[in-house]
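Undergrad: Order-wise, the sequence lines are chains A and B. In this text, residue positions in the first sequence follow my numbering: the first is 26, and each later residue adds one. In this text, residue positions in the second sequence follow my numbering: the first is 26, and each later residue adds one. Note that the Cβ used here is the ideal one computed from N, Cα and C, for glycine as well. Note that the structure is predicted; figures quoted are calculated from it, not measured. Have a look at this one before I ask anything.
Number of protein chains: 2
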Amino acid sequence: VTCAAVVPAAGRGERLGTREAKALCLVGGVPLFVHALRSLGASGRLSAGMVVGPPQRCEAMAAAVRAARLDVGWDVVPGGATRQDSVGRGLRDLASDVDVVLVHDAARPFVPVEVVRRVVDAVGAGADAVVPVVPVADTVKQVDGAVVVATPDRSRLRQVQTPQGFRRSVLEAAYTAAAASGAPGQPASDDATLVERAGGQVVVVPGDPLAFKVTGPLDLVLAEALARQHG
Amino acid sequence: VTCAAVVPAAGRGERLGTREAKALCLVGGVPLFVHALRSLGASGRLSAGMVVGPPQRCEAMAAAVRAARLDVGWDVVPGGATRQDSVGRGLRDLASDVDVVLVHDAARPFVPVEVVRRVVDAVGAGADAVVPVVPVADTVKQVDGAVVVATPDRSRLRQVQTPQGFRRSVLEAAYTAAAASGAPGQPASDDATLVERAGGQVVVVPGDPLAFKVTGPLDLVLAEALARQHG
C-alpha cells in the first residue's frame, strides 16, 4: 500500500485558553503538531503527508516543519472553517498513487508507532475504515438538560483516538456524500462517522493511552511532563 | 444538612501495574487517597467520613490518615470484594444524623472544592442524586466485537466524575434494592446507576478536569506533575 496522512491542524484551541493556534503551542520547546508528525513518521508506514493549518499561520507551520528535519515530506496547506472542511482540503491534494489515507489530530502528539502500524496494516489487510480505541475510563451518561436519561453499558463503549485509517476511495466517497447532503444534524466529531453514515463498515484496533488528545490545560501539563521524560 | 463521605479505596489498581493497593500509591510523597480526603475536607461541607480499604491495608491507611492531620475525622474500615460491597460497608456505619452522603473515588486526588460544594448544595436544595460531569473529549463509539455499530451523539453524553451526592435514604434504598435483585446484568460502574435502576432521578452539575481519576500510568505522571506544581 501507499499511505499518506492528512493532519487537520487549524483548530483554535479555545479550551486551552491560548491565543496561539493550538497546533503551534510549544510542548518541550517543539510545536504540538510537529510532535504529531514525528510520531506518525516514526511508524515507517508513510510516504507523504498534508498538514492543514490556519491560513494565517501556514508560513510559520511550514518553517517549523523545515526546522524539524522530518523523514517524511509534509506539505502545509490552508484549512477551512471546520475540521471537516480542512480534512477535505487535505484530501484534494494527495498524490494519485496514494491508496490508504490516515487522518490524525495535530493535538495527539505522542501516538505510539505500534498504533499507527496497526491502523495502516488493518486497512492494508482489507478493512475500509479503521479506528484505534481504548476503554472508557469514566462512566458515561446520556443527559437531557440537567437530567440523566440513561447510562449506556460501558463495556460496549470505546473512546476513539487517531490516526484513523481509510481506503482512499472510501474516505473520498464519504466526504463527497457528506458535502452533498449539506451536513444535516450534528457535525461529525470524527472521520469514521462519515463512513458510517455512508453505510460503510468501521473496525476497531487497540489504541493506547499515549495517543491522548491535548484539549485542556491539564493535557498540556501531562504533555510537558512526557516531553521532559522522553527527552 | 449533615453530610458524610464514603470513599471506596479497596481497588487493586491493576491498570497502574503496581503491587501496592492503588489508594496507597504515593503522589508527591503522599498516598493517593489522602489527597482525595484532603480535597473533600477542604470544601468545608463534611462532618465525617468513612474510608473503605483493603482488609490487610487498613492499619497502614489509618496511620496515613493520622499522619496527615486532616480537619475531618475519617474512619478506616475493611472493604468487600467489589466496589459496590465496599460502599455498602461504608454506608452501614454512618452516624444516624447524617442525611446527605457523598461517595468519592479514592483515586480522584485533586477534586476542586467548588465541585464538592456544588454536589452537596444540589442535594441540600432537594435533589435525590447528583453527579458532577464534564464533556466527553474523545468521540465515543459503541462496538460489537471489533465492529462499530453506532456513534452516539456526543453532545448528549457526559463523563461522570465523583463525588456523587445522595439523599441518604435514596442511596440506602438503591443499595438495598441492588442487593435484593442479586445484581443481574452488568455491575454498575457508579453509584448513581443504582439509583437510576431503582427508578430515582439523577441530576448533573458541572465537574472539572482536575477531578480526573488515576487509572493508568499516564494519570500518575499527570498527578505527580500537579502535586509538584501545587506543592
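1. Applying the criterion that 16 or more other CB atoms from any shown protein chain within 10 Å of the CB defines a buried residue, is residue 186 of chain B buried or exposed?
2. Which residues in chain B sit within 9 Å of residue 166 of chain A, going by Cβ to Cβ distance?
3. Which whole-angstrom value describes the C-beta separation of residue 140 of chain B and residue 232 of chain B, a residue pair presumed to lie in contact below a C-beta threshold of 8 Å?
4. With residue 50 of chain A as the anchor, note down where its alpha helix (DSSP H) starts and where it stops.
5. Buried or exposed: which applies to residue 51 of chain B, given that a residue is buried once 16 or more other Cβ atoms fall within 10 Å of its Cβ?
6. Which residues in chain A sit within 9 Å of residue 132 of chain B, going by Cβ to Cβ distance?
7. For a cutoff of 7 Å on Cβ pairs, would you count residue 240 of chain A as touching chain B?
8. Tell me, please, whether the segment 31-47 of chain A touches the segment 71-83 of chain A by the rule of three or more beta-carbon pairs shorter than 8 Å.
9. Under a CB-based cut-off of 7 Å, is residue 171 of chain A close to chain B?
10. Please list, in chain order, the chain B residues whose beta carbon lies closer than 7 Å to that of residue 176 of chain A.
11. Does DSSP put residue 167 of chain B in a helix, a strand or coil?
12. Along chain E, in chain order, which residues have C-beta atoms closer than 8 Å to that of residue 250 of chain A?
13. Return the bridge partner residues of residue 185 of chain A from the DSSP annotation.
14. Measuring only between beta-carbons, confirm whether residue 234 of chain B sits less than 7 Å from chain A.
15. Residues in its own chain within less than 6 Å of residue 115 of chain B by CB, not counting five upstream and five downstream?
16. Please name the residue in B:148, B:62 and B:106 whose C-alpha comes closest to that of residue 130 of chain B.
17. Would you list, in chain order, the members of the segment 105-136 of chain B that have their beta-carbon closer than 7 Å to a beta-carbon of chain A?
18. Verify whether the separation of the beta carbon atoms of residue 234 of chain A and residue 243 of chain B is less than 7 Å.
19. Residue 199 of chain A and residue 182 of chain A look like a contact to me (Cβ under 8 Å); what is the Cβ gap, rounded to whole Å?
20. Counting along the chain, where does the alpha helix (DSSP H) carrying residue 74 of chain A start and finish?
21. Report yes or no: is there a C-beta of chain B within less than 7 Å of the C-beta of residue 179 of chain A?
22. With a threshold of 7 Å between beta-carbons, can residue 243 of chain B be considered close to chain A, or not?
23. Please work out which residues of its chain come closer than 8 Å, Cβ to Cβ, to residue 138 of chain A, disregarding the five sequence neighbours upstream and downstream, and give them in chain order.
24. Where residue 191 of chain A and residue 157 of chain B are concerned, what is the direct C-alpha to C-alpha distance, given to the nearest angstrom?
25. Mind reading off the beta-carbon distance from residue 217 of chain A to residue 227 of chain A? Whole number of angstroms is fine, and I expect it under 8 Å.
26. Ends of the beta strand (DSSP E) at residue 127 of chain A?
27. Is there a Cβ from chain B that is less than 7 Å from the Cβ of residue 268 of chain A?
28. Kindly give me the distance between the Cβ atoms of residue 102 of chain B and residue 90 of chain B, rounded to whole angstroms, as I take these residues to be in contact under 8 Å.
29. List the endpoints of the continuous beta strand (DSSP E) containing residue 34 of chain B.
TA: According to the structure data:
1. Taking the first residue of the second sequence as 1, we reach residue 186 of chain B at position 161. Buried, since its Cβ has 16 or more Cβ neighbours within 10 Å.
2. Sequence index remark: in the first sequence, residue 166 of chain A carries index 141 (1-based). Within chain B, the residues near residue 166 of chain A are 156, 158, 182, 183, 184, 185, 215, 217, 218, 221, 227 and 229.
3. Numbered from 1 along the second sequence, position 115 holds the residue referred to as residue 140 of chain B. Numbered from 1 along the second sequence, position 207 holds the residue referred to as residue 232 of chain B. About 6 Å; that satisfies the 8 Å criterion.
4. Taking the first residue of the first sequence as position 1, residue 50 of chain A is located at position 25. Careful: residue 50 of chain A lies outside any alpha helix (DSSP H) and carries neither H nor E.
5. As a position in the second sequence, residue 51 of chain B is number 26, starting the count at 1. Answer is exposed; the Cβ neighbour count stays below 16.
6. Walking along the second sequence from the start, residue 132 of chain B turns up at place 107. Within 9 Å Cβ-Cβ: nothing; residue 132 of chain B doesn't reach chain A, min ~10 Å.
7. For the purposes of this step, residue 240 of chain A is identified with residue 215 of the first sequence, where counting begins at 1. By this cut-off, residue 240 of chain A is an interface position.
8. yes
9. Residue 171 of chain A sits at position 146 when you count from the first residue of the first sequence. Taking Cβ atoms only, chain B reaches closer than 7 Å to residue 171 of chain A, which makes this a yes.
10. Numbered from 1 along the first sequence, position 151 holds the residue referred to as residue 176 of chain A. Those within 7 Å of residue 176 of chain A in chain B are 218 and 221.
11. What you label residue 167 of chain B is simply residue 142 of the second sequence in a count that begins at 1. Looking at residue 167 of chain B - three-state DSSP - the assignment turns out to be strand.
12. Of the protein chains in the structure, A and B, none is chain E.
13. Here residue 185 of chain A corresponds to residue number 160 of the first sequence, with the count starting at 1. Answer is A:158, bridged to residue 185 of chain A.
14. Taking the second sequence and counting its residues from 1, one reaches residue 234 of chain B at position 209. Answer yes: the Cβ-Cβ gap between residue 234 of chain B and chain A drops below 7 Å somewhere.
15. Within the second sequence, residue 115 of chain B is the residue found at index 90, counting from 1. Excluding positions up to five away in sequence, the list reads 31, 75 and 77.
16. Here residue 130 of chain B refers to the residue found at position 105 of the second sequence. For the residues B:148, B:62 and B:106, the minimum Cα distance to residue 130 of chain B belongs to B:62.
17. none
18. Translated into the one-based positions of the first sequence, residue 234 of chain A becomes position 209. Translated into the one-based positions of the second sequence, residue 243 of chain B becomes position 218. Going by C-beta atoms, residue 234 of chain A is nearer than 7 Å to residue 243 of chain B.
19. One-based indexing of the first sequence puts residue 199 of chain A at position 174. One-based indexing of the first sequence puts residue 182 of chain A at position 157. Between residue 182 of chain A and residue 199 of chain A the Cβ distance is about 23 Å, and since that is not below 8 Å, they are no contact.
20. As a working note, residue 74 of chain A is residue 49 in the first sequence. Unbroken run through residue 74 of chain A is the beta strand (DSSP E), 73-78; no alpha helix (DSSP H).
21. Here residue 179 of chain A refers to the residue found at position 154 of the first sequence. Yes, residue 179 of chain A counts as interfacial toward chain B.
22. As a position in the second sequence, residue 243 of chain B is number 218, starting the count at 1. Residue 243 of chain B counts as touching chain A.
23. Within the first sequence, numbered from 1, the residue matching residue 138 of chain A stands at position 113. Counting only Cβ-Cβ distances below 8 Å, and skipping sequence neighbours, we find 64, 67, 68 and 69.
24. Here residue 191 of chain A refers to the residue found at position 166 when the first sequence is read from its first residue. Here residue 157 of chain B refers to the residue found at position 132 when the second sequence is read from its first residue. Between residue 191 of chain A and residue 157 of chain B, the C-alpha separation is close to 37 Å.
25. The residue given as residue 217 of chain A occupies position 192 in the first sequence. The residue given as residue 227 of chain A occupies position 202 in the first sequence. Residue 217 of chain A to residue 227 of chain A, Cβ: 5 Å. Contact.
26. On the first sequence, position 102 is the one that residue 127 of chain A refers to. Run containing residue 127 of chain A: 125-128, per the beta strand (DSSP E) assignment.
27. Residue 268 of chain A lies beyond the range of chain A shown here (26 to 256); nothing can be said about it.
28. The count along the second sequence starts at 1 and reaches residue 102 of chain B at position 77. The count along the second sequence starts at 1 and reaches residue 90 of chain B at position 65. 12 Å between Cβ atoms; not a contact.
29. Within the second sequence, residue 34 of chain B is the residue found at index 9, counting from 1. Looking at the DSSP string, residue 34 of chain B is not in any beta strand (DSSP E), and its letter there is neither H nor E.
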